[in-house]
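The numbering of the sequence shown is full-length UniProt numbering, which starts it at 1 and goes up by one. Note that beta-carbon positions come from the ideal geometry of N, C-alpha and C, so glycine has one too.
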Amino acid sequence: MPVKSSIYHHLIWRLVISTLPLALFAFSLCTEPLGRSGNNGPGVEMSIFIPVILLFGWGGFLVIESLYRFAKKNASIGFMSLLAAVILAGFYTLILYFHHLS
């Protein structure tokens, strides 16, 4: 497999794996009851908490992986991991913005 193809496969697989926590997060925001205020009291809402933790965990893994790849002198895959983390953060922000509009 050529190097350029393996780099793009790396990016595509990272983005495919990112769709699971993004879909869970979007689903949890879409299914919450309407008309609820922002302060729900002292409890943690697990239906939103778990997808957010998955998103931040996966984003953290992508950043740490990119730093590891840069340290191992494999900058092209490091850039792809960093690009996947930026795309993940962008979609996370976009989902929050659409939720804010509703």
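Same chain, Cβ closer than 6 angstroms to M80, five either side skipped, listed in chain order: I7, H10, L11
Alpha carbon to alpha carbon, what distance is there between L94 and A23? 12 angstroms
Secondary structure of T93, DSSP reduced to three states: helix
Within its chain, find whatever has a CB closer than 7 angstroms to the CB of V52; leave out the 5 residues flanking it on each side and keep chain order. F25
Under 8 angstroms between the Cβ atoms of I64 and L15? no
Can you find the residues in the same chain that come closer than 7 angstroms, C-beta to C-beta, to A84, ignoring five residues on each side of it along the sequence? L11, R14, L15, S18, L62
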